[in-house]
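Just remember that our numbering sits 860 ahead of the position in the sequence shown, which is counted from 1. Even for Gly, the Cβ is constructed at its ideal location relative to N, Cα and C.
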Amino acid sequence: MNYAAGKRSSLIYALIYGSLGQILGIYWLTVAGILGDTVEAGTMESIILFAGAALLTPLVFLIWLYLAAGLAHLSLKALRGVRHPFPATFQVSAYVSGATSLLNLLPLNLIRWRVP
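Have a look at this one:
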């Protein structure tokens with residue numbers, strides 16, 4: 861990984877793929893609630909709440925990303941495992957968060973898990 865490249869490309873990657881994954885996760889939860897009739901609000905209210913959540917997702921994801929990277933960097937400092945400055949930790953956190961958020965493409969919450 862090229863740590864000298866800076867945070868910009870990793871930030872853009874995380875915002876695009878991380879936000880997309882989170883929005884799809886919220887979408888599947890909304891669909892599951894509407895189909896399963898477990899939502900207390902009506903269908904229209906659920907759609908409006910989904911739209912509001914989708915608009916706020918990039919900002920919340922960005923704040924969460926900085927907090928998570930900061931906490932990871934502080935933990936690494938406390939354990940004396942820091943070899944690179946904070947931007948390197950942020951890049952790793954951004955790429956990992958963006959990639960794992962795409963797992964929300966799978967609508968696993970629509971599957972009814974049955975334990976025998």
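Quick check: what's the CA-CA separation for L936 versus A954?
So the two alpha carbons sit approximately 17 angstroms from each other.
Rank L934, V952, L875 and F950 by C-alpha distance to the C-alpha of V920 and give the top, closest one.
Closest in alpha carbon position to V920, among L934, V952, L875 and F950, is L875.
Once the 5 residues before and after T903 are set aside, which same chain residues still bring their CB inside 8 angstroms of it?
So the list reads I894, once near-sequence residues are dropped.
For P992, report the span of its alpha helix (DSSP H) as first-last.
Because residue 992 is not part of the residues shown, which for the chain are 861 to 976, the question remains open.
DSSP state of P967, grouped into three classes?
In the three-state scheme derived from DSSP, where H, G and I count as helix and E and B as strand, P967 is classed as coil.
DSSP state of V942, grouped into three classes?
DSSP places V942 in the coil class of the three-state scheme, outside both helix and strand.
So, at 8 angstroms on beta carbons, what are the nonlocal neighbours of L965 in its own chain, with the 5 sequence-adjacent residues on each side left out?
Exclusion of the five residues before and after L965 leaves G881 and L884 as the residues of its chain whose Cβ lies within less than 8 angstroms of its Cβ.
Note down the Cα distance separating T949 from A929, rounded to an integer number of angstroms.
The alpha-carbon separation between T949 and A929 amounts to approximately 6 angstroms.
If we ignore side chains and look at the alpha-carbon of each, how far apart do T890 and L871 end up?
Rounded to whole angstroms, T890 to L871 spans 27 angstroms at the Cα level.
Would you give the residue range spanned by the alpha helix (DSSP H) that Y887 belongs to?
Element bounds for Y887: S879 to L895.
For F946 and I907, the rounded distance between their alpha carbons
Between I907 and F946, the C-alpha separation is close to 39 angstroms.
Let me check understanding here. Comparing Cα to Cα, which of Q951, L962, Y887 and E905 lies closest to A932?
Closest by alpha carbon: Q951.
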